[in-house]
Structures are given as structure tokens and as C-alpha cells.
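*Asks:* In our numbering, the protein residues as written are 16 to 480. One structure follows; several queries about it will come next.
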Ligand code: GLY
Ligand code: MN
Ligand code: MN
């Protein structure tokens with residue numbers, strides 16, 4: 016945990032940003048895999064972590080804005096539990112470390128909320144993202160499962176998003192720790208990979224590295240020779256000469272702060288010439304798009320710049336044709352770049368995604384394009400502010416099924432040289448991803464930096480095997 020003053024200060028700021036009522040935080044519970052006592056690894060809710068810092072299942076917290084009371088609800092271990100689990104630090108003691116002196120048994124929360132309802136006190140909750148949370152809220156508030164949504168509070172969400180979006184020095188330090196461990200993890204994969212090895216062997220090696228460094232994956236690693244499949248979690252392929260490996264992996268620290276990096280490298284010692292051409296297009300898109308970031312710049316421009324560089328590069332290679340600006344205006348880039356160029360990052364790898372993209376990534380003046388293929392997958396499309404932490408991750412994804420459909424429709428034929436595209440239909444995918452802090456004058460890359468040019472990668476690969 017951070018010092019208790021940090022959590023106290025965070026809660027003081029939150030209190031000033033919501034006018035009245037009860038702010039309810041539902042911590043996460045253990046989630047069974049196949050029977051109650053055999054659970055998935057526990058991960059605390061990130062807003063609970065942000066305001067209370069306690070990574071322990073089965074807790075809830077209330078900030079009563081009307082009485083200025085803060086309470087943590089959670090049960091101390093019974094002797095039966097101690098027999099099986101041993102003595103643990105009490106919840107009371109953990110609560111004190113978070114600056115909260117008032118702990119009550121969990122069942123009392125229900126009475127607390129009932130009294131609040133009877134007094135017509137406003138109850139603010141955050142959008143539930145699991146069935147367990149929804150059920151718990153329904154029971155605690157005394158309403159139907161569907162009615163729970165009527166208690167979701169926009170003012171509560173907006174106050175949290177406003178606060179969590181601007182990373183404080185202690186958070187940046189944690190994120191940077193995560194990025195540095197993630198860097199090393201990527202180097203390990205790049206050194207280990209060779210023809211004959213399985214994707215899952217690389218994943219197990221990097222996961223061990225994460226755990227050895229008191230971290231864990233911040234999301235399931237994507238380690239694949241089929242990099243065009245955006246969220247590819249299949250890991251049974253064997254690397255062979257001529258493949259490229261896309262490694263999208265990152266760790267979170269013990270306090271929950273994430274890193275999120277992607278590198279793509281040849282399974283052989285060197286890229287072949289087509290791979291090199293495509294790789295350098297993505298690299299240019301990466302360099303030119305992230306380097307314009309500064310407070311006030313709409314992140315949509317980062318996406319647009321990346322997309323334009325991809326179109327220009329693919330036009331030079333002969334896969335696209337015509338004027339690149341015009342091609343971009345017609346969304347030609349989405350044949351190769353179907354997703355967004357990045358997102359916010361912090362206590363969640365896609366920071367605060369559970370609170371709603373319309374609040375985190377967009378504003379009233381900058382609404383999301385929810386319809387256009389490609390643009391609808393952009394998670395962030397608002398002006399950047401000092402203190403934001405974001406990823407930048409352009410890529411080229413050659414998806415045969417998508418090409419077949421577009422080609423059959425002769426879609427955007429004035430901009431696409433289908434004959435040339437056809438020749439590269441089994442090319443695969445490339446992504447390059449780093450993490451950045453938006454500073455007063457521009458941006459700072461987080462972490463010590465990870466190799467990314469063709470020469471740097473080939474030099475490391477030549478030492479490997
Ligand atoms: N690792 C998921 C992403 O890059 O967004
Ligand atoms: Mn990633
Ligand atoms: Mn990412």
C-alpha cells in the first residue's frame with residue numbers, strides 16, 4: 016500500500032467532487048473456477064484499490080458525504096477460517112493503513128443502505144461489471160437485479176474518472192516499475208525465441224519472469240505467429256523459420272499498476288525483405304504519431320497520423336494507390352488497421368474501461384464515432400491533458416477474411432491494388448506499442464526504453480541461437 020495520507024487525500028478530493036449522498040465501493044470477491052474453494056487468482060477492483068488500497072476479497076466501503084463518515088465493511092476471520100488459513104493481518108489493521116478507523120461486519124452494510132433509502136439519501140454506485148457485484152448490490156440495496164442500474168451514478172463516475180485520469184508522482188513511479196519489468200520480459204522473449212519452440216513456452220518463461228519480479232501479467236499475454244489476429248490467445252503454434260512473433264504483454268506491480276508493451280520480431284535471426292518493409296512502415300507510424308502528443312492535442316490526431324503513415328507506406332509498396340489523404344478520408348486504412356491506436360493506462364491496462372468509454376476516452380464536445388469501422392474501436396478520442404498515461408500502438412494486420420470480403424465487393428477499388436494485396440494475404444501482423452506520460456510540454460516515454468528498430472532487433476536476435 017501507499018502511505019495512508021495518499022488514500023486520505025484521494026478521498027478528500029473525491030468528496031469535493033460529488034455533492035451529497037452515499038458513495039458505495041464494492042470490492043471484488045473470490046471467483047470460483049470449478050468449485051467454491053478453487054478460485055481464480057484474486058484481483059481487487061481498481062477504484063477500490065485507488066481509494067482504499069486494500070487488496071482483500073469480500074470488502075465494501077462507504078463514504079457518507081452527508082455525515083462525512085467513511086466505513087470499510089468486511090468480516091474478520093473466524094476461528095474456523097484461521098484453522099485453514101492461519102492468522103492474517105486484521106481488516107481493522109488494513110483499514111487503519113488506509114486512514115479509515117471505522118470497520119463494520121459486512122452484513123451491516125445492508126442495514127446501512129436500508130436506512131439511507133428510508134431517509135431518501137442518494138445512493139451512488141459504479142457500473143457493475145460482474146454478476147457477483149450485481150447480485151451483491153441487488154441484495155444490499157434491496158432492489159431487483161435490473162434495477163441496480165438505476166443507482167449507477169454519473170456524478171460519481173465522472174468524479175472518479177477526472178481524478179484517476181491524472182496520474183500522481185507515486186502512480187507514475189509504479190507504472191514505470193511495471194514498464195521496466197515488462198521491458199525485460201520482452202527482451203527475454205526476444206532472446207529465447209527460435210524455430211522449434213512453442214508460443215506457450217515463451218509465455219511460461221515470461222510469466223515466470225513477471226512473478227520472480229513480484230509482478231503478474233496485467234492481461235493475458237498475446238504471443239503469436241498469427242499477429243493479425245488482434246486478441247489472439249491461442250498459444251500452441253511452433254515457431255518456424257520465416258515467421259514473425261508478435262508479443263503483446265505487460266505486467267502489473269503488487270499495487271496494481273500496469274505496463275502494456277508490444278514488439279514484433281522475426282523467428283529467424285533476421286526479418287525477410289517484405290517483413291522489413293512492412294515493419295518500417297509501422298515503425299514510422301509509431302514514431303510520427305506518438306511524437307505529436309502534448310496537452311490539448313486531441314488523441315484522435317495520434318490515430319489519424321498513424322493511419323496516414325500506414326497508408327503512405329502501403330502506397331509506396333504498391334498495395335494502395337491514389338492520394339493517401341484522400342484514401343484516409345475514405346477509411347482505406349481500415350483494411351490493414353482495424354483497431355484504435357491506443358488507450359489510457361493505469362490501475363487497469365485499459366484504464367477505467369469499466370466506468371464507461373464515453374466518460375474516460377471521450378467528452379461531450381468530442382463524442383465517439385460508434386459506427387465507422389476502425390474509428391469505432393478507438394478507445395480514446397479526446398484532448399490530452401498533463402498527467403495522462405496512454406499507450407501508442409499502431410499496427411498492420413493482414414486479415415485474409417476481410418480482404419476476401421472487400422475484394423468481392425470491389426470496395427474502394429480506386430485506392431486498393433487488390434492484385435498486390437492478394438500477394439501478401441498471408442503476411443500476418445505487426446504491432447509496436449509503448450507507454451507514455453503526457454507532460455506539460457509534450458510527452459515522456461515511460462521506462463528505460465525497449466529496442467525497436469530492425470537493426471536493434473536483428474542484433475539481439477543474432478546473439479540468441
Ligand atoms: N494489450 C492489450 C492492448 O494493447 O490494448
Ligand atoms: Mn498491448
Ligand atoms: Mn495496449
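All C-beta atoms in this analysis are idealised placements derived from N, C-alpha and C, irrespective of residue type, glycine included.
#1: Kindly indicate which residue of 450, 177, 164 has the alpha-carbon position closest to the one of residue 190.
#2: Give the list of continuous alpha helix (DSSP H) stretches no shorter than 4 residues that lie fully inside the segment 289-349.
#3: Mind listing, in chain order, the residues whose beta carbon lies closer than 7 Å to a non-hydrogen atom of ligand 2?
#4: With H, G and I counted as helix, E and B as strand and the rest as coil, what does DSSP make of residue 246?
#5: Following a CB-centred definition, is residue 201 positioned closer than 7 Å to any heavy atom of ligand 3?
#6: Short of 8 Å in beta carbon distance, which residues of its chain neighbour residue 372, apart from the five on each side in sequence? Order them along the chain.
#7: Would you mind giving the Cβ-Cβ distance between residue 243 and residue 414, rounded to the nearest angstrom? I have them listed as a contact below 8 Å.
#8: Between which two residues does the alpha helix (DSSP H) carrying residue 152 extend?
#9: Is DSSP giving residue 412 helix, strand or coil here?
#10: Beta-carbon within less than 7 Å of residue 429's beta-carbon, same chain only, minus the 5 sequence neighbours each way: which residues are those?
#11: Measure how close the beta-carbons of residue 138 and residue 39 come, nearest whole angstrom, since I'm counting them as under 8 Å.
#12: Write down the C-beta distance between residue 282 and residue 297 rounded to the nearest angstrom, noting that I regard them as a contact closer than 8 Å.
#13: If you follow the beta strand (DSSP E) that residue 117 is part of, which residue opens it and which one closes it?
#14: According to DSSP, is residue 255 helix, strand or coil?
#15: Would you mind working out which of 313, 397, 441, 228 sits nearest residue 266, comparing C-alpha positions?
#16: Under 8 Å, do residue 167 and residue 141 count as touching if we go by C-beta distance?
#17: Where do the ends of the beta strand (DSSP E) carrying residue 450 lie?
#18: Taking only the alpha-carbon atoms, compute the straight-line gap between residue 324 and residue 237 and give it to the nearest angstrom.
#19: Using a Cβ-Cβ cut-off of 8 Å (strictly less than) and excluding sequence neighbours within five positions of residue 64, which residues of its own chain qualify?
#20: Does the distance from the C-beta atom of residue 294 to that of residue 396 stay below 8 Å?
#21: For residue 351, collect the residues of the same chain with a Cβ closer than 7 Å to its Cβ; drop the 5 residues on either side in sequence, then sort them by chain order.
#22: For a test of your reading of the model: does the CB of residue 314 fall under 7 Å from any non-hydrogen atom of ligand 1? Yes or no.
#23: Which one or two residues does DSSP pair with residue 238 in a beta bridge?
#24: Just checking, does the segment 44-54 make contact with the segment 101-116 on the three C-beta pairs under 8 Å criterion?
#25: In the DSSP assignment, find the beta strand (DSSP E) that holds residue 48 and state where it starts and stops.
#26: Would you check whether ligand 1 has a heavy atom nearer than 7 Å to the C-beta of residue 234?
#27: Looking at residue 464 and ligand 3, is the gap between the Cβ and the nearest heavy atom below 7 Å?
#28: Going by C-alpha distance, which of 439, 404, 279 is nearest residue 454?
#29: Are the CB atoms of residue 57 and residue 72 within a distance shorter than 8 Å?
#30: Between which residues of its own chain and residue 28 is the CB-CB distance below 8 Å, once the five residues before and five after are set aside?
#31: Could you give the distance in angstroms between the alpha-carbon of residue 207 and the alpha-carbon of residue 409?
#32: Considering only residues of the same chain and omitting the five flanking positions on each side of residue 205, which have a CB-CB separation below 6 Å?
#33: Please name the residue, chosen from 83, 202, 135, 122, that lies closest to residue 152 on a Cα-to-Cα basis.
#34: Just checking residue 358 against ligand 3 - is the residue's beta carbon closer than 7 Å to any of the ligand's heavy atoms?
#35: Would you call the CB atoms of residue 376 and residue 359 closer than 8 Å?
#36: Within 10 Å of its beta-carbon, does residue 462 have 16 or more other beta-carbons around it, so buried, or fewer, so exposed?
*Replies:* With the structure as the only source:
#1: 450
#2: As far as the segment 289-349 is concerned, its whole alpha helix (DSSP H) runs of at least 4 residues are 314-331, 339-344.
#3: Residues with a Cβ closer than 7 Å to any heavy atom of ligand 2, in chain order: 263, 265, 275, 276, 277, 406, 408, 448.
#4: coil
#5: Incorrect: residue 201 has no Cβ contact closer than 7 Å to ligand 3.
#6: Excluding sequence neighbours, residue 372 sits near 383, 394.
#7: 5 Å
#8: Unbroken alpha helix (DSSP H) run through residue 152: 146-156.
#9: In the three-state scheme derived from DSSP, where H, G and I count as helix and E and B as strand, residue 412 is classed as strand.
#10: Residues 337 of the same chain have their beta carbon placed closer than 7 Å to that of residue 429, with the five preceding and five following residues left out of the count.
#11: 6 Å
#12: That pair is no contact at about 18 Å.
#13: 117-119
#14: coil
#15: 228
#16: Yes, the pair counts as a contact, with Cβ atoms nearer than the cut-off.
#17: 449-453
#18: 25 Å
#19: 70, 270, 271, 362
#20: no
#21: 325, 329, 411, 412, 413
#22: no
#23: 262
#24: Too few Cβ pairs lie closer than 8 Å, so no.
#25: 47-50
#26: At a cut-off of 7 Å, the beta-carbon of residue 234 counts as near ligand 1: some heavy atom of the ligand is closer than that.
#27: no
#28: 404
#29: Contact: yes.
#30: 178
#31: 25 Å
#32: 280, 475
#33: 122
#34: yes
#35: Going by C-beta atoms, residue 376 is nearer than 8 Å to residue 359.
#36: By the neighbour-count rule (16 or more Cβ atoms within 10 Å), residue 462 is buried.
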